[in-house]
Amino acid sequence: LLIHAYVKDGYTDESYAEKMFVPAKLRERGDIILARSSLGELLGMIICVRPTSPSRQVAKADEAEIHLLAVHHKARRQGIASQLIVVCEQRAFSFGYSKIVLSTQQTMGNAHHVYERLGYQRNPTRNWSRGNNKKFFVYEKSLQF
Numbered sequence: 064l065l066i067h068a069y070v071k072d073g074y075t076d077e078s079y080a081e082k083m084f085v086p087a088k089l090r091e092r093g094d095i096i097l098a099r100s101s102l103g104e105l106l107g108m109i110i111c112v113r114p115t116s117p118s119r120q121v122a123k124a125d126e127a128e129i130h131l132l133a134v135h136h137k138a139r140r141q142g143i144a145s146q147l148i149v150v151c152e153q154r155a156f157s158f159g160y161s162k163i164v165l166s167t168q169q170t171m172g173n174a175h176h177v178y179e180r181l182g183y184q185r186n187p188t189r190n191w192s193r194g195n196n197k198k199f200f201v202y203e204k205s206l207q208f
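Sequential numbering of the sequence shown, starting at 64, is according to my numbering.
This is the structure we're talking about:
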């Protein structure tokens, strides 16, 4: 799923993905939340990362972080991404975090629309880039349930 959503859609280099999308490395990041069809097919995933995780990118001490939101191409535009995000938000809130943050590539316009529709706001002061010249926007949202 991650290879299709990130590599085949042109967002991540294949050599980087081969190192980062290894199941053991993904589990180390945080809580993996999956969306499956009634037949058990994997439709989507998200990782809810605590600020104590070594995989944390921008989260502060009172913030959870979203990593690697992905939805299978045949299941897109069905609300799966939104549902995964809300479950991650609820989990973060139940752990006592007051805010949730995420990084997204500047070219992921469809994802930006989903985040904004769910109440996330860009915070340009937290934007960052990776050595290979990839620029990331940071979105954040206060958690209140």
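All residues carry an ideal CB built from backbone N, CA and C; glycine is no exception. If you're wondering where the values come from, they're calculated on a predicted model, not measured in any experiment.
Looking at the structure shown, is residue i part of a helix, part of a strand, or coil, going by DSSP?
{"i": "His135", "result": "coil"}
{"i": "Tyr74", "result": "coil"}
{"i": "Gly159", "result": "coil"}
{"i": "Tyr202", "result": "strand"}
{"i": "Ala122", "result": "coil"}
{"i": "Val85", "result": "coil"}
{"i": "Thr170", "result": "coil"}
{"i": "Glu91", "result": "helix"}
{"i": "Arg193", "result": "strand"}
{"i": "Leu65", "result": "helix"}
Between the Cα of residue i and the Cα atoms of the options, which residue gives the shortest distance?
{"i": "Gln120", "options": "His135, Leu102, Val85 and Thr167", "result": "Thr167"}
{"i": "Asn196", "options": "Ala174, Thr170, Asp72 and Arg154", "result": "Thr170"}
{"i": "Lys123", "options": "Gly182, Ile66 and Arg189", "result": "Arg189"}
{"i": "His176", "options": "Gly194, Phe200, Val85 and Arg193", "result": "Phe200"}
{"i": "Asn186", "options": "Val164, Asn173 and Leu65", "result": "Val164"}
{"i": "Trp191", "options": "Tyr202, Lys71 and Asp72", "result": "Tyr202"}
{"i": "Val149", "options": "Arg193, Glu77, Arg113 and Gln207", "result": "Gln207"}
Would you kindly work out how many angstroms separate the C-alpha atoms of residue i and residue j, rounded to a whole number?
{"i": "Glu126", "j": "Leu102", "result": "35 Å"}
{"i": "Lys162", "j": "Tyr178", "result": "14 Å"}
Output yes or no for whether 8 Å exceeds the beta carbon distance between residue i and residue j.
{"i": "Leu105", "j": "His135", "result": "yes"}
{"i": "Lys204", "j": "Tyr183", "result": "yes"}
{"i": "Ala138", "j": "Leu65", "result": "no"}
{"i": "Phe156", "j": "Arg113", "result": "no"}
{"i": "Glu77", "j": "Val85", "result": "no"}
Notebook entry, point to check: At a cut of 8 Å, does the stretch 102 to 111 reach the stretch 139 to 156 through at least three beta carbon pairs?
Noted result: yes
Notebook entry, point to check: Taking one C-beta from the stretch 93 to 102 and one from the stretch 67 to 83 each time, how about it: are there three or more such pairs within less than 8 Å?
Noted result: no
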